[in-house]
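In our numbering, the protein residues as written are 1197 to 1456. Glycine included, C-beta positions come from ideal geometry on N, C-alpha and C. Encoded as structure tokens, the structure appears first; notes follow it.
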């Protein structure tokens, strides 16, 4: 069995949760189950220079992990107009003849890559893991308003409040495009029941969406280590420090505790 994994970045360059999970899954299936595969990560000029002659680049000397340089991504419509970069992928996918293509993020690759995969690998099964809500939420896929409030789900009026400069037709077109493109997937995986409920509430087909929690490498737990002074007011934050991950809320709570 051959599996092609598509991820919006490589964990050696951007160690985010999606990138780490996607490569861990790729390596686990390869090392423990003998599955042939290719881990293909998209990058931009933020992490790698564009090289002349090809959009593909090596990383770390590994033959089954590669980078593809893509630019000009439209984060609202999730489209990738870099036709030259996408054309580089077609012969690679045709030669590989994957039995399954697992897409871990729509960013950078864009909806055009999904169409490309379906065209050049018509027999392959397609799986998408929705690590967030990009297909249903144009506001960075977070279901958060621009004011930082929780959004119950997409609607024309709610989305226009986040994007007052965009015409209503843009949101209708985006929704229709997402439903049309993602219909190509045989299965859409979500890591939480909450996420599954949000997609179902947005009208996505129940039979297509499956709940599957994220896995982690099997390793022994670290032993309990009590603090020498007996204090228990220490905590850790694991993840990217940005406004979507709760780090600001954590700092605010810490300040309130110190003032109490």
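Item: At which residue ranges does the region 1382-1431 contain complete beta strand (DSSP E) runs of 3 or more residues, listed in the order of the chain?; Value: 1383-1386 and 1405-1407
Item: List the whole-angstrom C-beta distance separating residue 1307 from residue 1275, where the pair is believed to meet the contact cut-off of C-beta under 8 Å.; Value: 6 Å
Item: Taking the alpha carbon of residue 1202 as the reference point, which residue from 1296, 1447 and 1413 has its own alpha carbon closest?; Value: 1296
Item: How would you write the range of the alpha helix (DSSP H) that residue 1281 sits in, first residue to last?; Value: 1279-1292
Item: Just how far apart, CA to CA, sit residue 1435 and residue 1441?; Value: 7 Å
Item: Taking residue 1381 and residue 1323 to be in contact with their CB atoms under 8 Å, please state how far apart those CB atoms are, rounded to whole angstroms.; Value: 6 Å
Item: In its own chain, which residues sit with a C-beta less than 6 Å from the C-beta of residue 1272, not counting the 5 before and 5 after it?; Value: 1334
Item: Among the candidates 1197, 1233 and 1238, whose CA atom is the shortest distance from the CA of residue 1467?; Value: This structure cannot settle anything about residue 1467, because the visible part of the chain is limited to 1197 through 1456.
Item: Restricting to Cα atoms, I'd like to know which of 1317, 1347, 1313 and 1321 is closest to residue 1329.; Value: 1347
Item: For residue 1294, which residues in the same chain have their Cβ closer than 7 Å to its Cβ, ignoring the five residues on either side in sequence?; Value: 1198, 1199, 1200, 1317 and 1320
Item: In the DSSP output, which residue or residues are listed as bridge partners for residue 1324?; Value: 1299 and 1384
Item: For residue 1199, name the three-state secondary structure that DSSP assigns.; Value: strand
Item: Check the Cβ-Cβ distances between residue 1380 and every residue of chain B, and say whether any is below 9 Å.; Value: Considering every chain present, this structure includes no chain B. It has just one protein chain.
Item: Could you say if the region 1212-1222 and the region 1403-1418 meet the contact criterion of at least three C-beta pairs nearer than 8 Å?; Value: yes
Item: When DSSP labels each residue in this structure, what does residue 1260 get in the three-state scheme?; Value: coil
Item: If you draw a straight line from the alpha carbon of residue 1309 to that of residue 1229, how long is it in whole angstroms?; Value: 28 Å
Item: Please list, in chain order, all residues of the same chain as residue 1314 whose beta carbon is under 6 Å from its beta carbon, the five residues on each side excluded.; Value: 1380
Item: Secondary structure at residue 1233, three-state DSSP: helix, strand or coil?; Value: strand
Item: Return the CA-CA distance between residue 1449 and residue 1258, expressed in angstroms with no decimal places.; Value: 44 Å
Item: Counting along the chain, where does the alpha helix (DSSP H) carrying residue 1447 start and finish?; Value: 1443-1455
Item: Identify which residue in 1206, 1213, 1204 and 1376 has its Cα closest to the Cα of residue 1437.; Value: 1213
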